[in-house]
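Everything below concerns the one structure shown next.
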Amino acid sequence: MRTYIDQIRAIIWKDLVLELRTRERIAAMGAFAVLAAILFNFSIDTTSTRPEDVAAGLIWMTLVFGGLLGVGRTFYLESQDNALLGLLTSPVPKDAIYLAKTLANFALLFIVSVLVLGVFALFFGLDLGANVGGIILVLGLGSLGFVALGTLFAAISTGTTMGETLLPILVFPLLVPMVIYGVTSTGRLIAGRPFDEVEGNVRMLGAFAVAALAAGAMLFRYVVED
Amino acid sequence: MATAGMRRGGTALTLVGLAGLVFVYWMSFFWVSTEINQGVVQRIFYVHVPAAWTSFMAFGFSALASAMYLWLRDDRLDRAALCAAEGGLVFGTIVLTTGPLWGKIAWGTYWTWEPRLTLTLLLWFIFVGYFMVRNSTEDPEKGKRFAAVVAIIGALDIPFIHMSVIWFRSLHPEPVVAKPDGPSLPADMLTTLLTSLAVFTVIFLGLFLYRYALEGLRAEADLRSRSTAT
Amino acid sequence: MTRLVLEAKGLAREYGPVVAVDDVNLSLGEGEFLTVFGPNGAGKSSLLGMLGGAMRPTRGHVLIRGQRLAYSDVEWRHQVGILSHRGFLYGQLTVEENLRFYGRLFGLTDLDQRIPERLERVGLADRIRFQVRQLSHGMRQRLSLARALLHDPDVILLDEPYTGLDPSAAGVLRGVLAGLRDGRRTVVMVTHNLKEGLELATRVAIQVSGRFAWEGTQADVGGEAFERHYHRVVEGRS
Amino acid sequence: MILFRNRVWVARTVLACALFLLATAAVGAQEIQGLPRPTALASQSLRPYWHVFAAYAIVITLIGGWAISIGRRLRDLEDRLR
Chain A
7 MRTYIDQIRA IIWKDLVLEL RTRERIAAMG AFAVLAAILF NFSIDTTSTR
57 PEDVAAGLIW MTLVFGGLLG VGRTFYLESQ DNALLGLLTS PVPKDAIYLA
107 KTLANFALLF IVSVLVLGVF ALFFGLDLGA NVGGIILVLG LGSLGFVALG
157 TLFAAISTGT TMGETLLPIL VFPLLVPMVI YGVTSTGRLI AGRPFDEVEG
207 NVRMLGAFAV AALAAGAMLF RYVVED
Chain B
147 MATAGMRRGG TALTLVGLAG LVFVYWMSFF WVSTEINQGV VQRIFYVHVP
197 AAWTSFMAFG FSALASAMYL WLRDDRLDRA ALCAAEGGLV FGTIVLTTGP
247 LWGKIAWGTY WTWEPRLTLT LLLWFIFVGY FMVRNSTEDP EKGKRFAAVV
297 AIIGALDIPF IHMSVIWFRS LHPEPVVAKP DGPSLPADML TTLLTSLAVF
347 TVIFLGLFLY RYALEGLRAE ADLRSRSTAT
Chain C
274 MTRLVLEAKG LAREYGPVVA VDDVNLSLGE GEFLTVFGPN GAGKSSLLGM
324 LGGAMRPTRG HVLIRGQRLA YSDVEWRHQV GILSHRGFLY GQLTVEENLR
374 FYGRLFGLTD LDQRIPERLE RVGLADRIRF QVRQLSHGMR QRLSLARALL
424 HDPDVILLDE PYTGLDPSAA GVLRGVLAGL RDGRRTVVMV THNLKEGLEL
474 ATRVAIQVSG RFAWEGTQAD VGGEAFERHY HRVVEGRS
Chain D
454 MILFRNRVWV ARTVLACALF LLATAAVGAQ EIQGLPRPTA LASQSLRPYW
504 HVFAAYAIVI TLIGGWAISI GRRLRDLEDR LR
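Chains as they are written, first to last, in our numbering: chain A, 7 to 232; chain B, 147 to 376; chain C, 274 to 511; chain D, 454 to 535.
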């Protein structure tokens, strides 16, 4: 068990150090988030819609598309110099590889989601007030569910000849529950409603994330098998 | 040869099913009475509901066979999953086209994000992904595993999708057959519906076997081309 | 009779209708160095992948020290070191970080002694703080070798290790590989380069269309004559 | 042999067409039957009939299309094997 955790930690550490040195994915996701916020801002007719009414949906869309950008490249990191094979021929259980990769992606996406929230709050003039903690929790759980599915399917799409183009086709239908629960609860929290009101949604988001993680850990071995 | 038997059986079942379909058409046009509130458009129900049932069954079976395939690694299971998935897509397409035709008259709109319709649409897309993944790997074995994973994850996601889309107000008619206090349909409508359910199931099984025979033949062809290549 | 280390029984691998490896049987004892020759597409890399536990055999199985291994078995990877012409290294990590990462994956605890010692052996001790992308191809290959040997495996698998190396780098690699013949380890190398493959081998096999078309020992290989023999075997079978 | 296979092909096509025509005729018959009916139905246009007709035609087309496509693929494969 101790080795298992240490192996997970080693892979997370490796992924984050690589990300810190290249800043490839975080820069792409961050830039995408800010630019999307700017475009969204101009895509709304403020005379007919109040920005805060649509902010929740746009935040989640930014997160989903931006996340896809970063998560899709998870395994390209490994494919330069065939390092994935090195990983697979070391005595690490496949589920540990999956969990580590997912958690490293989660760290990145969570940072991006907080950034997205900040940027939208700034551009759309949202008054988050006392609900900031709740919103961040919701975004965190959503990110976790997203990367849990995203990492698994990134491994699949990387293994196909279609590559990243396949990723959205595979994950978008599966992400519907997450988007529904996430958007409704974020929207209500932005509107200043108490956290109790969205507790059920948050639970469902959590359940979705946990189920996705469990399924991913179970099935990942069949994806990377050669 | 097993494949040839499968093929004959499939053809026979399909012909029985198609004859049954003619009968169902006759029943729903000439025999069953017109529903009082919705009028004649309610007759779509006799093909829509059985198609939905068949496609769900097919997708469920595909996911199950996929899981068994990953476990046992028997190619026959993968072939079964593939054939069921194809059938699921065909019947799913029936659901997704007949539903709006009915909805336009009954609800006044072709499409609504009604839970069961949404679920069918998403399942349909998940299984489109199943075929895209399958056909875009260089190593066919890899494609089989990837597709199996897609089918399983899709099946696991169904409860979540179902619960989440229910958050939208449901416009879909309440279940009329599978209810605790017995079916609420008039007897002749119920008979028509149940006959149609049986007929659709038989058609699916027949075409499934027929399709399965095709995959079996393909596997034989692969085997043969291999022995001549080396 | 030396003790058996690596065995393969009826190993086969198919990619759909394509047969990459077809019914290969092996048994190698301690100190043996097997070189598998074969043209491109003969299934050499697939064979090595199955021996290393990176690839699931379609049929057959691998044994290490008499123990039959399951594909999902984690333990087996402790006993195998793999060196391919692709290094399994991360360009943005330093030499030390790369080794430390793999060391942690193998659950090694004495990395502070082990890493300098291994780097000394491959002559990279002075590059320990360099990022891998700053190293030449030859140095990278030596680092990969240090990585493959980090956990002291009994079985070492080499996949075209000389590919892309200049003569001097190849010379260094040759020296280190020669050091592997210490009587305890078992080495399997696959290559299509006859000269490099014969230097260290105690046993030789020629793989064509997935099968071992010819097997022999170093003694059966008579210098110049082997090249003609090789071509005859390859053309005869493919 | 080819003749035989063609005959299967023709039989299938004829069957599909027959079912299609039957559906059309059935709708027409129902229309005539349905027309004199009073009240709720009389106020509706003929549009529902067309929707029913289209739905039933889609069912036939898709099921028949799938069957025909399987048959075609089977034949292609057999030709290749021969």
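Glycine residues also receive a C-beta, built at the ideal position from the N, C-alpha and C atoms.
- Query: Among Phe112/A, Leu150/A and Ala43/A, which residue has its Cα nearest to the Cα of Ala127/A?
  - Reply: Of the candidates Phe112/A, Leu150/A and Ala43/A, the one whose C-alpha sits nearest the C-alpha of Ala127/A is Ala43/A.
- Output the distance between the C-alpha atoms of Phe379/C and Leu180/A, rounded to the nearest integer angstrom. About 35 Å.
- Query: Along the segment 14 to 36 of chain A, what residues have a CB closer than 7 Å to any CB found in chain C?
  - Reply: Hits within the stretch, in order: Ala16, Lys20, Val23, Leu24, Arg27 and Thr28.
- Task: Tell me, please, which residues DSSP counts as bridged to Glu287/C.
- Result: Answer by DSSP bridge pairing, in chain order: Val292/C.
- Message: Under DSSP, the beta strand (DSSP E) around Ile190/B begins and ends at which residues?
- Response: No beta strand (DSSP E) contains Ile190/B, which DSSP labels as neither H nor E.
- Which partner residues of Leu336/C appear in the DSSP bridge assignment? As a beta-bridge residue in DSSP terms, Leu336/C pairs with Glu280/C and Arg341/C.
- Query: Per DSSP, which one or two residues make a beta bridge with Met462/C?
  - Reply: According to DSSP, Met462/C bridges with Thr308/C and Leu431/C.
- Whole-angstrom distance between Leu155/A and Met168/A, CA atom to CA atom: If you take the alpha carbons of Met168/A and Leu155/A, they lie about 18 Å apart.
- Message: Looking only at its chain, what residues have a beta carbon closer than 7 Å to the beta carbon of Leu317/B, apart from the 5 residues adjacent to it on each side?
- Response: In this prediction, Leu317/B has a pLDDT of 48, which is less than 50 and means its spatial position is unreliable; what the coordinates show is noted afterwards. If we look at Leu317/B and ignore the five residues flanking it on each side, its Cβ neighbours are Trp253, Thr258 and Glu260.
- Task: Identify, in the order they occur along the chain, each residue of the same chain with its Cβ nearer than 7 Å to the Cβ of Leu75/A, setting aside the five sequence neighbours on each side.
- Result: Excluding sequence neighbours, Leu75/A sits near Ala34, Met35 and Phe38.
- Task: Within the same chain, show all residues whose beta-carbon is closer than 6 Å to that of Leu115/A, passing over the 5 residues directly before and after it, in chain order.
- Result: These residues qualify, in order along the chain: Gly73, Ser149 and Val153.
- Task: Please confirm whether any heavy atom of the ligand ADP lies closer than 7 Å to the CB of His358/C.
- Result: No copy of the ligand ADP appears in this structure; indeed no ligand is present at all.
- Message: Strictly under 8 Å for the Cβ-Cβ distance: is Leu235/B near chain A by that measure?
- Response: Taking Cβ atoms only, chain A never reaches closer than 8 Å to Leu235/B, which makes this a no.
- Assuming Gly78/A and Ser163/A form a contact by the criterion Cβ under 8 Å, report the distance between their Cβ atoms to the nearest whole angstrom. Beta-carbon to beta-carbon, Gly78/A and Ser163/A are separated by about 7 Å, close enough to satisfy the 8 Å threshold.
- Query: Comparing the C-beta of Arg500/D with each C-beta of chain B, is any distance below 8 Å?
  - Reply: Chain B, which has a Cβ nearer than 8 Å to the Cβ of Arg500/D, makes this yes.
- Touching or not, the segment 293 to 303 of chain B and the segment 190 to 209 of chain B, by the rule of three or more beta carbon pairs under 8 Å? A contact exists between the segment 293 to 303 of chain B and the segment 190 to 209 of chain B.
- With 8 Å set as the bound, which would you pick, yes or no: does the beta-carbon of Tyr288/C sit closer than that to a beta-carbon of chain B? Under the 8 Å criterion on CB atoms, Tyr288/C is classed as interfacial with respect to chain B.
- Task: Can you check the segment 19 to 71 of chain A for any alpha helix (DSSP H) of at least 4 residues that lies completely inside it and give the ranges in chain order?
- Result: For the segment 19 to 71 of chain A, whole alpha helix (DSSP H) runs of length 4 or above, ordered along the chain, are 30 to 49.
- Task: Could you check how far apart the C-beta atoms of Leu356/C and Pro434/C are, in whole angstroms? I think they sit under 8 Å.
- Result: Going by Cβ atoms, the distance from Leu356/C to Pro434/C rounds to 5 Å, so yes, they are a contact pair.
- Task: Tell me, to the nearest whole angstrom, how far the beta carbon of Val144/A is from that of Thr192/A; I am working on the premise that it is less than 8 Å.
- Result: The Cβ separation is near 5 Å, so the contact holds.
- Identity of the residue in Pro332/B, Leu216/B and Leu161/B nearest Phe292/B by Cα: Selected option, being the one with the closest Cα: Leu216/B.
- Message: Considering only the alpha carbon of each residue, which of Arg484/C, Ile429/C, Leu392/C and Thr490/C lies closest to Lys282/C?
- Response: Ranked by Cα distance from Lys282/C, the first of Arg484/C, Ile429/C, Leu392/C and Thr490/C is Arg484/C.
- Compare the C-beta of Gly63/A with all C-beta atoms of chain B and state if any pair is closer than 8 Å. Output row for Gly63/A: interface = no.
- Query: Would a check of beta-carbon distances place Gly151/B closer than 8 Å to chain A?
  - Reply: By this cut-off, Gly151/B is not an interface position.
- Report the three-state DSSP secondary structure of Ser300/C (helix, strand or coil). In this structure, Ser300/C counts as strand in the three-state DSSP scheme.
- Task: Note down, in chain order, every chain A residue with its Cβ under 7 Å from the Cβ of Glu284/B.
- Result: Per Cβ cutoff of 7 Å: Thr167.
- Within 8 Å (strictly less), CB to CB, does Leu317/B reach chain A? Low confidence applies here, because Leu317/B scores a pLDDT of 48, under 50, leaving its location unreliable; read the following figure in that light. Leu317/B does not count as touching chain A.
- Query: Taking the DSSP output, what are the residues bridged to Gly185/B?
  - Reply: The bridge partners DSSP lists for Gly185/B are Glu181/B.
- Message: Output needed for Met173/B: all residues of its chain with C-beta closer than 7 Å, excluding positions within five of it in sequence on either side, in chain order.
- Response: For Met173/B, where only same-chain residues beyond five positions count, the Cβ hits under 7 Å are Thr338 and Thr341.
- Message: Checking the sheet assignment: what are the DSSP bridge partners for Leu158/A?
- Response: The partner list for Leu158/A (beta bridge, DSSP) is empty, contrary to what the question assumes.
- Task: Anything in chain B within Cβ reach of Glu231/A, meaning under 7 Å, just list it in chain order.
- Result: By Cβ distance, chain B contributes Arg291.
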